[in-house]
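Okay, structure first, notes after.
Chains as they are written, first to last, in full-length UniProt numbering: chain U, 1 to 496; chain W, 1 to 496.
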């Protein structure tokens with residue numbers, strides 16, 4: 001066996017370990033009894049520790065060097081070797097003790113976060129979050145030193161390979177230059193129109209779930225290789241061939257769970273559409289979190305908030321909930337689902353104000369990693385930032401810095417990918433429409449096949465063969481930019 | 001750190017790996033989508049392979065030798081070291097490739113078994129089962145050679161430390177000498193009495209679940225460290241601090257799910273009652289499957305089919321299902337739940353005919369491991385045996401050799417522990433009643449505390465400090481025998 005073939009075996013074993021951790025992590029957020037938190041933390045820590053041990057073993061290092069010397073690989077195998085090296089470089093930079101300590105600290109703080117958020121009690125979370133941050137800063141410094149990056153870029157790179165602050169800062173600066181004005185104009189136009197008619201609940205949660213399953217099926221979710229469940233913080237997780245998305249139901253408002261399901265289904269289609277022949281190898285992985293978010297937003301924001309989609313959805317809703325009346329017209333449903341309204345909760349934000357939530361978190365987490373913002377000062381800094389950016393006064397931390405699981409989970413460097421994903425989604429959807437002029441008509445008929453087919457070929461089945469910008473250039477003709485996102489917002493909200 | 005302390009660390013990491021596999025195994029039987037079977041098989045195989053690697057590492061072997069040389073440990077630590085050595089001896093006897101191959105073969109055959117059982121299609125399962133048997137025979141031979149046991153005893157020893165065919169054969173021979181006559185006399189007495197009144201369904205499965213949860217609570221199940229879910233084949237699984245039992249609901253008959261929940265709760269109480277200070281160490285584990293089954297049967301058969309228990313249960317049932325009438329009297333419910341009636345399905349068998357199902361499986365699996373019975377001949381041998389032992393003619397394999405998951409799971413050497421557990425349950429319950437004369441009155445009041453307290457002290461909290469017979473001698477004054485079981489059956493079924 002060549003060194004490269006040995007590496008393929010080793011990395012398919014790693015994929016199995018990561019899959020095991022994926023299911024255990026899903027279980028911890030959906031079903032696990034509270035008393036199991038400590039034991040589950042130990043289980044995840046040892047799995048991550050063992051994966052780290054395999055990645056950083058001298059044999060792995062030697063095989064990588066040998067395989068790189070030997071060369072002679074085709075494009076996919078060469079990209080696979082490149083991704084193996086990337087994984088090893090990230091892992092090799094962090095001592096195993098630090099990996100396991102961080103995994104344990106995260107498991108503890110995630111459990112405490114659930115109670116702290118419920119009780120809006122930041123003080124309860126603070127010591128656990130401080131420990132998570134301390135360990136993430138150590139990891140960032142260690143990776144930065146090894147990869148020749150500053151600590152934040154090093155953390156960012158583990159979520160979005162190749163992404164850098166130097167790329168983000170100008171994109172976010174550009175957004176900052178025109179988005180506030182666009183929001184203001186959109187709200188004026190909105191205010192001048194008659195308000196959309198509200199939908200009166202309650203909406204049976206069983207019916208909401210059935211409706212979600214129906215739309216997942218229409219979108220092409222493969223239920224022989226995935227599930228839909230419930231968790232406090234919706235996510236897409238699980239493992240290869242076992243993609244599990246979650247949502248939470250609100251009897252008073254079905255839209256939140258429904259749009260959440262559509263969003264997570266976009267993530268799931270990416271996972272289920274990864275190149276089958278490579279699904280246990282690094283090159284078969286999704287390219288990064290920015291492109292991952294682009295797949296959720298292309299479904300939720302681009303396709304499923306379009307006028308066309310609501311002509312398909314309206315009769316489904318009327319039938320499912322046994323309602324009728326003008327408030328259930330496609331036009332009214334579209335108006336309800338394209339309101340621009342600054343709010344406290346990121347996951348409930350409309351697509352125009354959403355970037356402000358990300359700009360704030362990006363500003364705060366870069367400061368925390370740099371050591372310029374202490375956990376004790378986080379609530380004030382968060383609340384001040386939301387006042388500056390959206391003119392909102394946070395009444396309690398539950399609606400402020402306690403709302404997201406990301407920081408308690410140690411996911412520093414993740415937030416910017418949400419807005420980078422929104423930019424990529426607009427750019428990809430514009431290219432898909434150019435390639436498939438019939439797209440709007442298909443969406444109006446509930447036919448997602450043309451969009452899914454285009455995404456399969458241009459994103460999903462590319463796996464990690466290409467870098468994010470190379471993929472975008474091949475699929476859209478340009479690297480990541482703000483133009484398509486701006487045109488999309490202007491078209492939808494300024495009646496362009 | 002001493003060699004022993006290093007071993008303690010190593011084995012707590014092993015416990016975490018086993019816990020991870022426990023949750024993934026539970027998920028595979030409850031929630032996992034079918035398409036994930038192959039990937040889950042890989043996940044479980046690598047976890048078992050890594051555990052095997054840790055157990056058989058030269059360092060582990062050297063530390064064991066060093067710790068045994070050093071000695072000077074108190075009773076618990078000495079027993080812990082003894083159990084570490086036991087685990088290492090079992091693992092060290094089997095090459096890692098064989099462990100992983102067996103794990104994969106089992107994952108595949110378990111999935112096929114579900115469909116084969118549903119369609120009563122033994123031919124579909126046969127090749128997978130043959131492969132599982134081939135690997136189990138290899139494992140039995142390898143362990144036998146290393147431990148100085150015959151292959152079947154070696155497999156048996158991994159489920160029930162110290163148990164041997166030489167112990168089982170005389171016990172089973174004794175049962176065979178009087179049980180058929182007892183069954184015949186019990187059925188005559190039964191036939192002479194008016195038949196118990198049937199309970200007319202349907203019985204809402206949600207109500208059945210709520211009732212199960214209520215009884216689990218009364219029995220002392222800790223829901224902060226466990227769950228109740230649904231699976232085709234009820235079991236007690238999960239991990240430390242996360243004990244998960246399952247059942248299946250039948251609208252036409254609530255008794256099956258209810259008694260199943262009581263049975264699995266008995267297992268769960270043992271797991272939740274293991275010595276807390278040792279729950280991540282080998283000495284903190286349950287002693288073996290015979291004692292484990294004794295804990296499920298002491299709840300289901302000894303306590304919860306007693307006349308006393310039905311005086312507590314009857315009003316709960318009437319209230320839960322909103323029924324009334326003479327068929328809901330404690331006397332009628334007791335009569336319904338103590339019928340002796342030979343049947344095809346082991347898990348539905350009454351306690352008097354149950355041992356016949358085990359005698360048959362014991363006879364067949366010892367022959368299969370010895371190489372005297374081929375998979376192709378299993379259905380005929382099974383059906384012939386059920387005719388001899390219970391006078392029943394199996395109409396389809398779904399009701400015969402396809403009914404149990406054990407063989408497709410590679411669990412050869414497990415079946416006898418069910419009947420050994422029934423013997424131990426009767427022996428322990430008699431001792432508990434001698435120690436707690438108020439026991440029947442407490443059961444009539446739904447107060448399980450006295451029984452639970454006695455079991456905690458005499459079984460659960462002993463963990464693996466003592467061997468099965470030493471534990472029984474300490475708790476009941478005698479090693480495992482048939483006397484208490486016979487007295488119990490005569491008392492309940494011959495109106496003794």
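We put the beta carbon where it would ideally sit given N, CA and C, even for glycine. Since the model is a prediction, treat every value here as computed from it, not as a measurement.
- Query: How is the alpha helix (DSSP H) around residue 228 of chain U delimited, first residue to last?
  - Reply: Taking the first residue of the first chain as 1, we reach residue 228 of chain U at position 228. Element bounds for residue 228 of chain U: not the alpha helix (DSSP H) but the beta strand (DSSP E), 226 to 230.
- Task: Would you be able to state if there are at least three C-beta pairs under 8 angstroms between the stretch 175 to 192 of chain U and the stretch 232 to 240 of chain U?
- Result: No: fewer than three Cβ pairs fall under 8 angstroms.
- Item | Proximal chain U residues relative to residue 456 of chain W, where beta-carbon distance stays under 7 angstroms | The count along the second chain starts at 1 and reaches residue 456 of chain W at position 456. None at all; the shortest Cβ gap to chain U is about 18 angstroms.
- Item | Neighbourhood of residue 201 of chain U by C-beta, 7 angstroms cutoff - its chain only, sequence neighbours within 5 removed | Numbered from its first residue, the first chain carries residue 201 of chain U at position 201. Hits under 7 angstroms: 251, 252, 253.
- Query: When burial is assigned at 16 or more other CB atoms within 10 Å of the CB, is residue 463 of chain W buried or exposed?
  - Reply: Counting from one through the second chain, the residue named residue 463 of chain W turns up at place 463. Residue 463 of chain W is buried by the Cβ-count criterion.
- Item | Rounded distance between the beta-carbons of residue 228 of chain W and residue 213 of chain W, thought under 8 angstroms | Here the question's residue 213 of chain W lines up with position 213 in the second chain. Here the question's residue 228 of chain W lines up with position 228 in the second chain. Between residue 213 of chain W and residue 228 of chain W, the beta carbon gap of about 6 angstroms places them in contact (Cβ cut-off 8 angstroms).
- What span of residues does the beta strand (DSSP E) with residue 189 of chain U cover, start to end? Start at 1 with the first residue of the first chain, and residue 189 of chain U comes out as number 189. Counting along the chain, residue 189 of chain U falls outside any beta strand (DSSP E), though it belongs to the alpha helix (DSSP H) covering 165 to 192.
- Can you tell me the Cα-Cα spacing of residue 51 of chain U and residue 14 of chain U, whole angstroms? Here residue 51 of chain U corresponds to residue number 51 of the first chain, with the count starting at 1. Here residue 14 of chain U corresponds to residue number 14 of the first chain, with the count starting at 1. In a straight line, the C-alpha of residue 51 of chain U is about 6 angstroms away from that of residue 14 of chain U.
- Message: Let me check you understand the geometry: is the CB of residue 104 of chain U closer than 7 angstroms to at least one non-hydrogen atom of the ligand NAD?
- Response: Here there are no bound small molecules, and the ligand NAD is not part of this structure.
- Query: Exposed or buried, what is residue 319 of chain U when buried is set at 16 or more other beta-carbons lying within 10 Å of its beta-carbon?
  - Reply: Along the first chain, read from residue 1 onward, the residue named residue 319 of chain U stands at position 319. Per the 10 Å Cβ criterion, exposed.
- Item | Contacts around residue 301 of chain U, its chain only, beta-carbon distance under 6 angstroms, and the 5 residues preceding and following it disregarded | Translated into the one-based positions of the first chain, residue 301 of chain U becomes position 301. Answer for residue 301 of chain U: 351, listed in chain order.
- Query: Would you call residue 434 of chain W buried or exposed, if buried means 16 or more other Cβ atoms sit within 10 Å of its Cβ?
  - Reply: Locating residue 434 of chain W in the second chain gives position 434, where the first residue counts as 1. By the neighbour-count criterion, in which a residue is buried when 16 or more other Cβ atoms sit within 10 angstroms of its Cβ, residue 434 of chain W is exposed.
- Message: Within a Cβ cutoff of 6 angstroms, which residues of the same chain sit near residue 163 of chain W, ignoring the five residues on either side of it in sequence?
- Response: On the second chain, position 163 is the one that residue 163 of chain W refers to. Closer than 6 angstroms at the Cβ level, and outside the excluded window around residue 163 of chain W, lie 156.
- Give the range of the alpha helix (DSSP H) segment to which residue 266 of chain W is assigned. The residue you call residue 266 of chain W lines up with position 266 of the second chain. In this chain, the alpha helix (DSSP H) harbouring residue 266 of chain W covers 254 to 272.
- Task: Indicate whether residue 89 of chain W and residue 146 of chain W have their beta-carbon atoms separated by less than 8 angstroms.
- Result: On the second chain, position 89 is the one that residue 89 of chain W refers to. On the second chain, position 146 is the one that residue 146 of chain W refers to. Yes, the Cβ-Cβ distance between residue 89 of chain W and residue 146 of chain W is below 8 angstroms.
- Bridge-paired residues (DSSP) for residue 244 of chain U: The sequence position of residue 244 of chain U within the first chain is 244, counting from 1. Looking at the DSSP assignment, residue 244 of chain U forms a beta bridge with U:227, U:237.
- Task: Just the C-alpha distance for residue 177 of chain U and residue 166 of chain U, rounded to the nearest angstrom, thanks.
- Result: Taking the first residue of the first chain as 1, we reach residue 177 of chain U at position 177. Taking the first residue of the first chain as 1, we reach residue 166 of chain U at position 166. Going from the Cα of residue 177 of chain U to the Cα of residue 166 of chain U covers about 17 angstroms.
- Just how far apart, CA to CA, sit residue 285 of chain U and residue 206 of chain W? Residue 285 of chain U sits at position 285 when you count from the first residue of the first chain. Residue 206 of chain W sits at position 206 when you count from the first residue of the second chain. Taking the straight line from one Cα to the other gives about 41 angstroms.
- Expected contact under 8 angstroms - CB spacing of residue 151 of chain W and residue 369 of chain W to nearest Å: As a first step, residue 151 of chain W must be located in the second chain, where it is residue number 151. As a first step, residue 369 of chain W must be located in the second chain, where it is residue number 369. Confirmed, Cβ separation roughly 6 angstroms.
- Within the same chain, show all residues whose beta-carbon is closer than 7 angstroms to that of residue 87 of chain U, passing over the 5 residues directly before and after it, in chain order. Residue numbering aside, residue 87 of chain U sits at position 87 when the first chain is read from its first letter. Here the set comprises 55, 282.
- Query: CA-CA distance, residue 107 of chain U and residue 27 of chain U?
  - Reply: One-based indexing of the first chain puts residue 107 of chain U at position 107. One-based indexing of the first chain puts residue 27 of chain U at position 27. Spanning the two alpha carbons is a distance of roughly 12 angstroms.
- Message: Let me confirm a value: residue 324 of chain U is counted as buried when at least 16 other C-beta atoms fall within 10 Å, else exposed. Which label applies?
- Response: Reading the first chain from its first residue, position 324 is the one you call residue 324 of chain U. Looking at its Cβ environment, which holds fewer than 16 other Cβ atoms inside 10 Å, residue 324 of chain U is exposed.
- Note down, in chain order, every chain U residue with its Cβ under 8 angstroms from the Cβ of residue 227 of chain W. Reading the second chain from its first residue, position 227 is the one you call residue 227 of chain W. Those within 8 angstroms of residue 227 of chain W in chain U are 31, 33.
- Task: Would you list, in sequence order, the uninterrupted alpha helix (DSSP H) runs of no fewer than 4 residues that lie entirely inside the stretch 67 to 135 of chain U?
- Result: Counting only runs of 4+ residues, the alpha helix (DSSP H) found wholly inside the stretch 67 to 135 of chain U occupies 75 to 92, 96 to 118, in chain order.
- Message: Let me see if you follow: with CB-CB separation under 8 angstroms, is residue 23 of chain W close to chain U or not?
- Response: As a position in the second chain, residue 23 of chain W is number 23, starting the count at 1. Cβ-Cβ to chain U under 8 angstroms: yes for residue 23 of chain W.
- Message: residue 132 of chain W and residue 408 of chain W - do their beta-carbons sit closer together than 8 angstroms?
- Response: Numbered from 1 along the second chain, position 408 holds the residue referred to as residue 408 of chain W. Numbered from 1 along the second chain, position 132 holds the residue referred to as residue 132 of chain W. Yes. Within cutoff.
- 7 angstroms Cβ cut-off: residues of chain U touching residue 19 of chain W: For the purposes of this step, residue 19 of chain W is taken as residue 19 along the second chain, with counting starting at 1. Contact note: residue 19 of chain W reaches chain U through 39, 43, using a C-beta cutoff of 7 angstroms and chain order.
- Query: To the nearest whole angstrom, what separates the beta carbons of residue 364 of chain U and residue 424 of chain U, a pair I think is in contact under 8 angstroms?
  - Reply: As a working mapping, residue 364 of chain U is identified with position 364 in the first chain. As a working mapping, residue 424 of chain U is identified with position 424 in the first chain. The beta-carbon separation of residue 364 of chain U and residue 424 of chain U, rounded to 23 angstroms, does not stay under the 8 angstroms limit for a contact.
- Message: Cutting at 8 angstroms between CB atoms, please list the residues of its own chain near residue 17 of chain U, excluding the five before and the five after it.
- Response: If you number the first chain from 1, residue 17 of chain U lands on position 17. Cβ neighbours of residue 17 of chain U beyond the five flanking positions: 47, 50, 51, 54.
- Query: Counting Cβ pairs closer than 8 angstroms, one from the stretch 468 to 485 of chain W and one from the stretch 330 to 338 of chain W, do we hit at least three?
  - Reply: A contact between stretches requires three or more CB pairs, one per stretch, nearer than 8 angstroms, and the stretch 468 to 485 of chain W fails this requirement with the stretch 330 to 338 of chain W.
- residue 155 of chain U, DSSP secondary structure in three states: Counted from its first residue, the first chain places residue 155 of chain U at position 155. The three-state secondary structure of residue 155 of chain U, taken from DSSP, is helix.
- Task: With DSSP collapsed to three states, give me the class of residue 334 of chain U.
- Result: As a working mapping, residue 334 of chain U is identified with position 334 in the first chain. In the structure shown, the three-state DSSP call for residue 334 of chain U is helix.
- For residue 13 of chain U, go through chain W and note every residue whose CB falls closer than 7 angstroms to its CB, in chain order. Along the first chain, one-based indexing puts residue 13 of chain U at 13. Those within 7 angstroms of residue 13 of chain U in chain W are 46.
- Query: Does the pairing of the stretch 96 to 111 of chain W with the stretch 409 to 423 of chain W give three or more beta-carbon distances under 8 angstroms?
  - Reply: Taking 8 angstroms as the limit for Cβ pairs, the verdict is that the stretch 409 to 423 of chain W does touch the stretch 96 to 111 of chain W.
- Message: Does residue 276 of chain U pass the burial test, meaning 16 or more other C-beta atoms within 10 Å, or should it be called exposed?
- Response: Here the question's residue 276 of chain U lines up with position 276 in the first chain. Classification for residue 276 of chain U: exposed.
- Message: So, at 7 angstroms on beta carbons, what are the nonlocal neighbours of residue 44 of chain U in its own chain, with the 5 sequence-adjacent residues on each side left out?
- Response: Your numbering for residue 44 of chain U matches position 44 in the first chain. Cβ neighbours of residue 44 of chain U beyond the five flanking positions: 21, 24, 25, 103, 107.
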